[in-house]
Every structure is written in C-alpha cells, then in structure tokens.
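Sequential numbering of the sequence shown, starting at -5, is according to the working numbering. Think of the CB as a built atom: it goes at the ideal place given N, C-alpha and C, for glycine as much as any other residue. The structure appears right after this line, and notes come after that.
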Amino acid sequence: MRILMLVRQYHPWVGGTEQQAHKLSQALAAKGVDVQICTGWWFRTTPAFEYIDKLPVYRNFTAWQFFDLRGLRKFSGYLYMLTLAFHLWRSRKTYDLIHIHGLNYHSFVGVLLAKWLGKKSLIKVACGGAGSDVTKMRNNNLIPGSRHMFPTTRLCDGVVALNSDIAAELIEAGFAPEKIVCLPNGVQVPEVATGIVEKEVNKTAQIVFVGRLHPQKGVDVLIEALGFLAQNRPNLSWQVALLGQGPLQPALEARSRELGLTNRIKFHGAVSDVNHYLAQADIFVLPSRAEGMSNALLEAMVMGLPCLATHVPGNDELIVDGENGLLVEPENPLVMSQALARLIQDKTLQVRLGQAARKSISERYAIEVIAEAYIKLYHSLLAGRQPSPQIRQIITT
C-alpha cells in the first residue's frame, strides 16, 4: 500500500495539522505502509527534498520567502497549486492514494489530480465551527477563487471528520454522508505518566496552557478567569505557564498587568519541548471557543494531567465531565475560575481525573489504534468500497 500524504505546510511548521500528519505517517510506516510526504516549499532555508524521521519529504516551489517582495502570499498559493499538480503527475507511479490533510486550495489540486490519474483521494477535515475549513474555503478566506474550487473537493472518495459536528457541517456543505468517517487524532502514549503522582498539599499549583494566542483558543477568557481566581480565592497558590505565540499576545500581556497577575502568569512563547512543561505541571487548561480535536489536550491527558476544558465539540468527545476531566461552558470566566479553584485545592481529585484521563486516551486514541483504523479505511477506498460500519465505529465501540 502506497500513500502520499498531502499537507499544505509541514516541518518547520509545527501546528496541529502538521504534527498529526507526521505522527500518523510514522505509525503507518511502522506498520509497513509506504508513506511519502508532499508539501509546499515555504522557507528557502529548507531543502526541496529531505528525510525526516526516515520519511521522504518533497517540497514544491511556492516563491514565498524566495524573493524580497511583499504581497506574495496569494501569488505563492496559485504557484504552489501549479507545482503541486506537476509533482503529483510526475510521481504518479509511486502512490495509490492521496491522503489530504486539511480542506484548502491544495485539496482542490489533490482531488482533481487523483480523479484525472485514476487514484483514490481522502480528505481529513480538522477544524469546525465559525472558523472552519469549510467556511474559510467558501468565503475565499484562503486565496481568491477558493469558493469556486470547493465543489471539486466533494468528488473525493472519502472524508475524515475529527468530530460529529464537523461531520454534520460537511453533510450540510454537500459531501455525501456515506463518504464521511469520524476518526479522531491520535497520540503517542508515554511509558511514564508524569501527571499521576502524589500531590504535595501546600505546593504551588502549576497550571499550563498550550496553543496559539488566537481568539479561537479563548486565552483572553482564561486571563479574566485568573483575575477572578486571584480576587475571590486569594489563599490559593498557583502559577500559569502559557506556551505558544500569536496575535493576541500584546493585548493579553497588557490585561495581565491590569489585573496584577504579572507575577503569576508567564508567557513562554513557542517552545520546542512541550512535554518538559507538561511534566512539571499539575493542571492543564484549554479555554477554547472552538476545536477540532486538540493535540495539546490529548497529550496532556495521556500524560495523566487533570484537565479543565471548555464544553465545545472535540473537547467533549475526549472528556466526560467529572470522570476524566472537567468541562465548563465557553465565554464564562467566573465559572472557569471556580473550576480551577476546585482543582487546585483538591489534590485527590487531580490524581483521580489524571488517572482516568490517561486510561481513556491510551485505550481509544493511541496513534497505533488510529493508524490501524486508517489502514482499514485505505483498503476499503482502494477496493472501491465505501467505509464499512466497522471502520465508522472503530473508536466508539
């Protein structure tokens, strides 16, 4: 079985889509699948071809960062479509199925070339809600004309949705229901669960957030919640590490100063070793307004950290409130502060939720489990069949 993973951006980009594409490719390769990565050449400091963790990575020219000119983003998108189409045609004898990560203009090229070349195509849609992949493509948010490309993407042979809400959005957008499979992201299960340890009663609670400092992630709501926490429960000792960067950072830092929280909140920016910070943490928090399925939440849960997240699609498929984590409604900083206070002061609850979190994720979301589901899905598509009920239900049964 030969799979071409089509990812618009790849290493050195380290977003959720890129991480999942890499983890899945590694897991598939370990099971004997022939995997190659096809992506855009967005940084001139990276080679056009290289091996990353023994996976061949082909980068197609985009012009982005190659010339000292402004305004090349849209032009680079169109150029990438041309060079990508040429690469898919030139390498047509080296793959059987194109697995496209993300619904974007590269998806249009992937599906179109697959149809022309007699190959199978599968699109993984990772983002739903107000800023969903479907919405962005339909509204021309990516490059001008992307809404005219959208109907072609519906010709793919299969679609993977990260959660049921994304699946419903895809059906509303015209994708055939029988093509859609709900498969979650996968996570590598560490041998040691650093979050499951006996908690020191008087220890300062270390709280961590991992993600972009972007409105979708709701860090502004978290800052307000921490303000309520400091005001209403001054006896509690805690510190927060925010890992990630984004356009909201100046405003978030300013609001932290206004609330007198500069000694309690630290902005670390982008970090190379997230697991190091997770290993030092007592509590993980994810205040998102929307999610597909958070890699950061998966990684925190599998490390045995008690997690507090918002009750939005994706999060509520991972966490059962009160059993393996806590869920609160989005946009409600007061309730979030109360849930944080409950976790900080109840060390027994921290351990119980952390143990349950690791167990649930290890059993159902280990990357090896997800890779096996994809292999079954690939076999069905290559045989010209729609995904079987067993594949559709592999995670829920």
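Fill in: Run of the beta strand (DSSP E) containing Trp232, from where it starts to where it stops
Taking the sequence shown and counting its residues from 1, one reaches residue 232 at position 238. First-last of the beta strand (DSSP E) with Trp232: Trp232 to Leu237.
Worksheet item: Does the Cβ-Cβ distance between Val202 and Phe261 come in under 7 Å?
Response: Taking the first residue of the sequence shown as position 1, residue 202 is located at position 208. Taking the first residue of the sequence shown as position 1, residue 261 is located at position 267. Their beta carbons are not under 7 Å apart, which means Val202 does not touch Phe261 by this criterion.
Item to complete: Count the other C-beta atoms from every protein chain shown that fall within 10 angstroms of the C-beta of Phe144, then say buried if there are 16 or more, exposed otherwise.
Response: Residue numbering aside, residue 144 sits at position 150 when the sequence shown is read from its first letter. Answer is buried; the Cβ neighbour count reaches 16.
Fill in: First through last residue of the alpha helix (DSSP H) which encompasses Tyr368
Sequence index remark: in the sequence shown, residue 368 carries index 374 (1-based). Element bounds for Tyr368: Ile361 to Leu376.
Practice prompt. Determine contact between the stretch 321 to 329 and the stretch 173 to 182, defined as no fewer than three beta-carbon pairs at a distance below 8 Å.
Written response: no
Practice prompt. Starting from Asn54, follow its DSSP beta bridges and name the residues at the other end.
Written response: Walking along the sequence shown from the start, residue 54 turns up at place 60. DSSP, once it has assigned bridges, lists Gly34 as partnering Asn54.
Item to complete: Pick out the complete alpha helix (DSSP H) segments inside the stretch 219 to 304, 4 residues or longer, and give them in chain order.
Response: 243 to 252, 268 to 274 and 289 to 296
Worksheet item: Do the stretch 153 to 169 and the stretch 117 to 128 meet, that is, are 3 or more Cβ pairs less than 8 Å apart?
Response: yes
Worksheet entry | Cβ-based burial, Phe102 [other Cβ within 10 Å; buried from 16] | Position 108 of the sequence shown, counted from the start, is the residue given in the question as residue 102. Answer is buried; the Cβ neighbour count reaches 16.
Worksheet item: To the nearest whole angstrom, what separates the beta carbons of Leu375 and Asp28, a pair I think is in contact under 8 Å?
Response: The residue given as residue 375 occupies position 381 in the sequence shown. The residue given as residue 28 occupies position 34 in the sequence shown. That pair is no contact at about 16 Å.
Practice prompt. Hey, could you find the ends of the alpha helix (DSSP H) Gly447 is sitting in?
Written response: Given that the chain is displayed from residue -5 to residue 391, the structure contains no residue 447 and the question cannot be resolved.
Discussion item. Which of the three DSSP states is assigned to Pro381 in this structure?
Written reply: The residue given as residue 381 occupies position 387 in the sequence shown. Here Pro381 sits in coil by DSSP.
Item to complete: Can you give me the Cβ contacts of Ala21 inside the same chain, cut-off strictly under 8 Å, excluding the 5 residues immediately before and after it?
Response: Residue 21 sits at position 27 when you count from the first residue of the sequence shown. Cβ neighbours of Ala21 beyond the five flanking positions: Gly180, Ile361, Glu362, Ile364 and Ala365.
Worksheet item: Which whole-angstrom value is the C-beta distance of Gly139 and Arg2, which I expect to be below 8 Å?
Response: The count along the sequence shown starts at 1 and reaches residue 139 at position 145. The count along the sequence shown starts at 1 and reaches residue 2 at position 8. So it is not a contact: roughly 16 Å between Cβ atoms.
Worksheet item: Which residues bound the beta strand (DSSP E) around Met(-1)?
Response: The residue labelled residue -1 in the question sits at position 5 within the sequence shown. Note, Met(-1): beta strand (DSSP E), Arg(-4) to Val1.
Item to complete: Identify whether Gln182 lies in helix, strand or coil by the three-state DSSP scheme.
Response: Within the sequence shown, residue 182 is the residue found at index 188, counting from 1. It is coil, neither helix nor strand.
Fill in: Residue of Leu343, Phe169 and Gly263 minimising C-alpha distance to Gly298
Against the sequence shown, residue 298 aligns to sequence position 304. That would be Leu343, whose Cα lies nearest to the Cα of Gly298.
Discussion item. So Arg258 and Gln233 are supposed to be a Cβ contact under 8 Å. How far apart are they, rounded?
Written reply: The sequence position of residue 258 within the sequence shown is 264, counting from 1. The sequence position of residue 233 within the sequence shown is 239, counting from 1. About 5 Å separates the two Cβ atoms, so the contact holds.
Item to complete: Between the Cα of Pro300 and those of Leu312, Gly308 and Pro307, spot the shortest distance and give me the residue it belongs to.
Response: Within the sequence shown, residue 300 is the residue found at index 306, counting from 1. Considering only alpha carbons, the answer is Leu312.
Discussion item. I need the boundaries of the alpha helix (DSSP H) containing Lys118, first residue and last residue.
Written reply: The residue you call residue 118 lines up with position 124 of the sequence shown. Premise fails: Lys118 lies in the beta strand (DSSP E), Lys114 to Val119, not in any alpha helix (DSSP H).
Practice prompt. Pull up the DSSP beta-bridge partners for Cys176, would you.
Written response: Here residue 176 refers to the residue found at position 182 when the sequence shown is read from its first residue. Note: Cys176 sits in a beta bridge opposite Ala155.
Item to complete: Buried or exposed for Ser19, please, with buried defined as at least 16 other CB atoms from any protein chain shown within 10 angstroms of its CB.
Response: As a working mapping, residue 19 is identified with position 25 in the sequence shown. Looking at its Cβ environment, which holds 16 or more other Cβ atoms inside 10 Å, Ser19 is buried.
Worksheet item: Does the beta-carbon of Glu12 have 16 or more other beta-carbons within 10 angstroms, so that it is buried, or is it exposed?
Response: Residue 12 sits at position 18 when you count from the first residue of the sequence shown. Glu12 comes out buried.
Worksheet item: When we look at the beta-carbon of Asn98 and count the other beta-carbons within 10 Å, is it buried (16 or more) or exposed?
Response: Along the sequence shown, one-based indexing puts residue 98 at 104. Answer is buried; the Cβ neighbour count reaches 16.
Worksheet entry | Three-way DSSP call (helix, strand, coil) for Gly205 in this model | Locating residue 205 in the sequence shown gives position 211, where the first residue counts as 1. Looking at Gly205 - three-state DSSP - the assignment turns out to be coil, as it is neither helix nor strand.
Worksheet item: Any idea what DSSP makes of His5, helix, strand or coil?
Response: Working through the sequence shown from its first residue, we reach residue 5 at position 11. Coil.
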